[in-house]
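Under this note's numbering, the first residue of the sequence shown is numbered 58, with each subsequent residue one higher.
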Amino acid sequence: MIKRLAVIAIMVVVAPLAAQSGGRGRIPPRPRLPRDADTCDAYAYYEQGLALLTEDPHDAAAAFWWAQRLSPATAEPYYAERIALLMDDPSLLRGYVEENARTLASADVRRIDSLQLRALDLDPFFPEQLDAELIVAYFKDIVRADLRAQGADVGESEIDFYVRSAIADADMDTRVWLAFGRGDYREAVDYWGRQERSRRKDAHLRARRAQAYLLLGLPDSALAELDSALAIARRADAERMRYVYDSKARWEYERGRLAELQGRDSAAREAYQRTLVEDLAFEPAHVRLAVVALRVADTAAAIAELQRAVAIDAGEYTSRLTLGALDAARGAADSATAELRRAIEIEPWVALPHLLLAQARETAGDRDGAVAEYRRFLALAARGDPSLDTARQRIAALTAPTP
58 MIKRLAVIAI
68 MVVVAPLAAQ
78 SGGRGRIPPR
88 PRLPRDADTC
98 DAYAYYEQGL
108 ALLTEDPHDA
118 AAAFWWAQRL
128 SPATAEPYYA
138 ERIALLMDDP
148 SLLRGYVEEN
158 ARTLASADVR
168 RIDSLQLRAL
178 DLDPFFPEQL
188 DAELIVAYFK
198 DIVRADLRAQ
208 GADVGESEID
218 FYVRSAIADA
228 DMDTRVWLAF
238 GRGDYREAVD
248 YWGRQERSRR
258 KDAHLRARRA
268 QAYLLLGLPD
278 SALAELDSAL
288 AIARRADAER
298 MRYVYDSKAR
308 WEYERGRLAE
318 LQGRDSAARE
328 AYQRTLVEDL
338 AFEPAHVRLA
348 VVALRVADTA
358 AAIAELQRAV
368 AIDAGEYTSR
378 LTLGALDAAR
388 GAADSATAEL
398 RRAIEIEPWV
408 ALPHLLLAQA
418 RETAGDRDGA
428 VAEYRRFLAL
438 AARGDPSLDT
448 ARQRIAALTA
458 PTP
């Protein structure tokens, strides 16, 4: 029953980022934050979303959306918006969890699943701890519906009691996934290990166990599970893969990310290349190949991979941003300006592109343009941004009277 829940940076100079596409649709109003919160800080919106999630998932989804806009390279806000959108619609949530064919084929679910895929592109191994909230919300909806059918009038504390009882009576798969969502990765690893004996052809099970192993701090065991998942998948007909995110390309990509975490750049490069053999249009693999190339100072290879990523997705923010940064670093101010302005069009609330664009305009001798971009950076940057003083100093220097 809960199986549907189980799956659905590149460097700019030295900063880790990752792929982000445009085309976001309707813009929700910015949620009101606590009085002392920084309205330019993505984490402030993420925290507000967490605070609202149980009681007001609709506004929580908006807060997570704004966290994405201020930090488009972070996986958790995309995942969290998916959770909030499901929790905001009990009927949709129930159909989703129970794998109702019409629900799963709906445009709403396709959009929701796209958020999960974006999060997995950014970080395949992030802890999906809000699944625990989702599972509880699902059972709470069932309990409320049953009590209404019986004509019972009970308070929230009694509903919580019935929810705990329903979860205790649930199947073991559901209870283990709840434990995983609450951070008990050891229980998940042990249970899924026992399940592997009877589910020898379940590649997905091994991929999920790999995530649990990594979150336990056991990367070698995680790699062994991913290898097993890929071996099973290669023996199977590709058309039998159950979900879009159960794919050999995605699991090769995960092997690459795992190799990067272990500092094995050569193995990471090979895994990303195998990803592209499986799916040449898998844009995140091009982005990660650029990361690996930058670490060995192969700027030409990095630029080539970023250009491939942009060709796949013209609204891809990070590749535009990074191409602009690389062009600026090599003194190509005009091409840097073009790429950075496109990045700003894609994600207009992010501060960093304005800082890089200001530096590019300085290189081009455009003093007024540089000052304008430094000021825009100051308006958008979070209070703790380490580049604030640099921007202020450059404005002072560029606007100082000429002797």
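Even glycine gets a Cβ: it sits at the ideal position worked out from N, Cα and C. Fair warning: this is a prediction, and the values are worked out from it, not measured in the lab.
Quiz item: Under 7 Å from any heavy atom of the ligand SAH, does the C-beta of G441 make it?
Solution: As for the ligand SAH, it is missing from this structure, which has no ligand bound.
Quiz item: Closest by CA to E155, which one among G250, D442, T231 and H261?
Solution: T231
Exercise. Measure the alpha-carbon distance for K197 versus G313 and round it to whole angstroms.
Key: 39 Å
Quiz item: So L117 packs on T375, CB below 8 Å; how close in whole Å?
Solution: According to the sequence shown, residue 117 is Ala rather than Leu. The Cβ separation is near 26 Å, so there is no contact.
Practice problem: Determine the burial state of V211: buried for a count of at least 16 other Cβ atoms within 10 Å of its Cβ, exposed for fewer. | Solution: exposed
Self-check item: Buried/exposed call for Y302, threshold 16 Cβ in 10 Å
Solution: In this prediction, Y302 has a pLDDT of 45, which is less than 50 and means its spatial position is unreliable; what the coordinates show is noted afterwards. Buried: at least 16 other Cβ atoms inside 10 Å.
Quiz item: Using 8 Å as the Cβ pair cut-off and three pairs as the minimum, do the stretch 188–197 and the stretch 231–248 touch?
Solution: yes
Self-check item: alpha helix (DSSP H) segments (min. 4 residues) lying fully within the stretch 104–177
Solution: 114–127, 132–144, 147–154 and 158–161
Practice problem: Please name the residue in S444, R365, R451 and S214 whose C-alpha comes closest to that of A342. | Solution: R365
Quiz item: Between the C-alpha atoms of E373 and E402, what's the straight-line distance to the nearest angstrom?
Solution: 11 Å
Practice problem: Would you kindly work out how many angstroms separate the C-alpha atoms of V193 and V220, rounded to a whole number? | Solution: 7 Å
Quiz item: Is the stretch 100–112 close to the stretch 156–171, with three or more CB pairs under 8 Å?
Solution: no
Practice problem: Compute the beta-carbon to beta-carbon distance between A467 and A417, rounded to the nearest angstrom, for a pair I have assumed lies under 8 Å. | Solution: Residue 467 lies beyond the range of the chain shown here (58 to 460); nothing can be said about it.
Exercise. Tell me whether the beta-carbon of L143 lies closer than 8 Å to the beta-carbon of Y136.
Key: no
Quiz item: Alpha carbon to alpha carbon, what distance is there between L455 and R424?
Solution: 6 Å
Practice problem: For L150, I'd like the list of residues in its chain whose CB is within less than 8 Å of its CB, leaving aside the five on either flank, ordered along the chain. | Solution: L143, M144, L191, A194, Y195 and D198
Quiz prompt | Rounded Cβ spacing between P86 and A120 (contact assumed at less than 8 Å) | solution = Not really, about 10 Å apart at Cβ, beyond 8 Å.
Quiz item: Does the beta-carbon of H411 have 16 or more other beta-carbons within 10 angstroms, so that it is buried, or is it exposed?
Solution: buried
Quiz item: Is the distance from the Cβ of L283 to the Cβ of A267 below 8 Å?
Solution: yes
Quiz item: Relative to the C-alpha of R377, which residue among V344, V428 and R449 is closest?
Solution: V344
Quiz prompt | D446 to R432 span [Cα, whole Å] | solution = 12 Å
Quiz prompt | The alpha helix (DSSP H) enclosing P276, as first and last residue numbers | solution = P276 to R292
Quiz item: Nearest to G426 by CA position, among L435, A386, L179 and L414, is which residue?
Solution: L414
Quiz item: What residues in its chain sit with their C-beta under 8 Å from that of L90, if we drop five residues either side in the sequence?
Solution: T96, A101, Y102 and Q105
Exercise. Would you list, in sequence order, the uninterrupted alpha helix (DSSP H) runs of no fewer than 4 residues that lie entirely inside the stretch 338–422?
Key: 340–352, 356–369, 374–386, 390–403 and 409–420
Exercise. Give the DSSP-derived three-state secondary structure of A227 in the structure shown.
Key: coil
Practice problem: Could you pull out every residue in the same chain whose Cβ sits closer than 6 Å to the Cβ of S128, ignoring the five residues on either side in sequence? | Solution: A99
Quiz item: Start and end of the alpha helix (DSSP H) containing I199?
Solution: D188 to A206
Self-check item: For P405, the nearest candidate out of A209, E215, A436 and A421 (CA to CA)
Solution: A436
Quiz item: By Cβ distance below 7 Å, which residues in the same chain neighbour A338 in space, the five residues on each side in sequence not counted?
Solution: I369
Quiz item: Mind checking whether A408 and F434 have CB atoms under 8 Å apart?
Solution: yes
Exercise. Measure the C-alpha to C-alpha separation of A439 and R92 and round it to an integer number of angstroms.
Key: 15 Å
Quiz item: Apart from the five residues just before and just after A139, which ones in its own chain have a Cβ nearer than 6 Å to its Cβ?
Solution: Ala is not the amino acid found at residue 139; the sequence shown has Arg there. Excluding residues within five positions, the ones whose Cβ falls inside 6 Å are I169, L172 and Q173.
Practice problem: Keeping to the same chain, check which residues put their C-beta closer than 6 Å to that of Y329; ignore five residues upstream and five downstream. | Solution: G313, A342, R345 and L346
Exercise. Evaluate R451 with the Cβ neighbour count: other Cβ atoms within 10 Å of its Cβ, from every protein chain shown; 16 or more gives buried, anything less gives exposed.
Key: buried
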